[in-house]
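Under our numbering, the first residue of the sequence shown carries the number 4, and numbering increases by one thereafter.
Glycine included, every Cβ here is placed at the ideal spot set by N, Cα and C.
Data block below; observations after.
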Amino acid sequence: MKKQKTTLIGLLLVLSALCATCNAADGAKLYLANCATCHGAEGEGGKGLALNRQSFLVVASGVYLVKSMLYGRPTRGCPPRKDLSNDEFVSIASFIKGWQKEKSVTVPNNKVQPFASVRGKALFALCAGCHEADGAGAMGPSLVDPGFQTSASDGFLRGTIKLGRDGTPMSGFSKEAGHVVALSEEDIDEVVAYIRYLGKGKEKEIP
Ligand code: HEC
Ligand code: HEC
4 MKKQKTTLIG
14 LLLVLSALCA
24 TCNAADGAKL
34 YLANCATCHG
44 AEGEGGKGLA
54 LNRQSFLVVA
64 SGVYLVKSML
74 YGRPTRGCPP
84 RKDLSNDEFV
94 SIASFIKGWQ
104 KEKSVTVPNN
114 KVQPFASVRG
124 KALFALCAGC
134 HEADGAGAMG
144 PSLVDPGFQT
154 SASDGFLRGT
164 IKLGRDGTPM
174 SGFSKEAGHV
184 VALSEEDIDE
194 VVAYIRYLGK
204 GKEKEIP
């Protein structure tokens, strides 16, 4: 655990140093060797989710991508990669971010407390059909996988709920995204608090 923390702090420093050493060409090679079998050579997805969707890339930070590689999705078949170096993580993340054509979206990133309010639970019924009542995933991905809970910021959750994912059944719960059910900012925060409640303590299950 201590080593993991050190690694993470190290790589966050690397990321914040604007990545002088990372190299998109290396990133492409590393991505093809380590990720493409499941995520597709061009990020189009397969056994794993597509990584080249604009609605994903505009809310997914480099830190989200690096953490997702480090912690994987142990309950869902995305292998944690403690064996890659910090430079390798950053190169792969930069390569993936290279697919982004649209401007990043800024979403409030304040943290909510994990909480099951009556409203939050009722609203999560809108999600349970695809993500399962306990959030463990069905046709939609797991929202309680320890790797996901640890990698996703509350801003990432808010942004994804608002925008949805283009080209998938996950339409955004906002007027802008044209969804029949538009959730207010407060509603979205109740849902985020409920997702954190469902995933509470899961980060301890990180292998
Ligand atoms: C053996 C298959 C497999 C490999 C190899 C793999 N992944 Fe995954 N990955 C998955 C699956 C499956 C999921 C979806 C988890 C879910 O459904 O909850 C996933 C999810 C992800 C996500 C979350 C995507 C999102 O929409 O939030 C990211 C980011 C990711 N993987 C990055 C990578 C990277 C980068 C590599 C290479 C270092 C990699 N993965 C290698 C199977 C894989
Ligand atoms: C009709 C099915 C469906 C419904 C309803 C739905 N989702 Fe999704 N959701 C999906 C699918 C499919 C994906 C993965 C899309 C992709 O391939 O990138 C997803 C992705 C997500 C992600 C990103 C997960 C990741 O690994 O990056 C979050 C967060 C999420 N949904 C939350 C919600 C919440 C909260 C609700 C209810 C307010 C909801 N979803 C309703 C199908 C659905």
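**Study point:** Quiz: which residues have CB nearer than 7 Å to ligand 2 non-hydrogen atoms
**Key:** Going by the Cβ distance cut-off, the answer is G48, L52, A53, R56, F59, L126, F127, L129, C130, G132, C133, H134, M142, G143, P144, L146, F151, A155, L160, T163, I164, R168, T171, P172, M173, F176, L186, V194, I198.
Practice item. Consider the C-beta atom of K100 and the heavy atoms of ligand 1; say whether any pair is separated by less than 7 Å. Key: No, since every heavy atom of ligand 1 falls outside the 7 Å radius drawn around the Cβ of K100.
Review point. Per DSSP, what kind of secondary structure is S19 in: helix, strand or coil?
Key: Only weak support is given to the placement of S19: the predicted model assigns it a pLDDT of 48, under 50, and the value that follows is read from those uncertain coordinates. Helix at S19.
Check your understanding: In angstroms, rounded to a whole number, what distance separates the CA positions of A139 and E105?
Key -> Each residue's Cα considered, the two are about 30 Å apart.
Check your understanding: With 16 other CB atoms within 10 Å as the buried threshold, where does K45 fall?
Key -> Per the sequence presented here, residue 45 reads as Glu, with Lys not at that position. By the 10 Å Cβ count, E45 comes out exposed.
Review point. Anyone know if the C-beta pair for V66 and L166 falls short of 8 Å?
Key: No, Cβ-Cβ distance for V66 and L166 is not below 8 Å.
Review point. With P144 and R79 assumed to form a contact (beta carbons below 8 Å), what rounded beta-carbon distance in angstroms separates them?
Key: Contact annotation, P144 with R79: C-beta distance approximately 7 Å; criterion of less than 8 Å satisfied.
Review point. When the Cβ atoms of the region 180-200 are set against those of the region 109-116, are three or more pairs found closer than 8 Å?
Key: As far as the Cβ criterion goes, the region 180-200 touches the region 109-116, which means the pair count is three or higher.
Review point. Quick one, which of R161, A53, S156, F59 has its alpha-carbon nearest S107's?
Key: When only C-alpha atoms are compared, the closest one is F59.
Check your understanding: Quick one, are the C-beta atoms of P206 and T163 less than 8 Å apart?
Key -> Checking the sequence, you will find Glu at residue 206 rather than Pro. Not closer than 8 Å, so no.
Exercise for review: Please check the pair P265 and Y74, which I expect to be a contact at CB under 8 Å, by giving their CB distance rounded to whole angstroms.
Suggested key: Here the chain covers residues 4 to 210 and nothing more, so residue 265 does not appear.
Check your understanding: Any heavy atom of ligand 1 closer than 7 Å to the Cβ of H182?
Key -> Flag unset: Cβ of H182 not near ligand 1.
Check your understanding: So S156 packs on N89, CB below 8 Å; how close in whole Å?
Key -> Contact doesn't hold; Cβ gap of about 20 Å is too wide.
Practice item. Could you pull the start and end residues of the alpha helix (DSSP H) that E47 belongs to? Key: Here E47 belongs to no alpha helix (DSSP H), and DSSP marks it neither H nor E.
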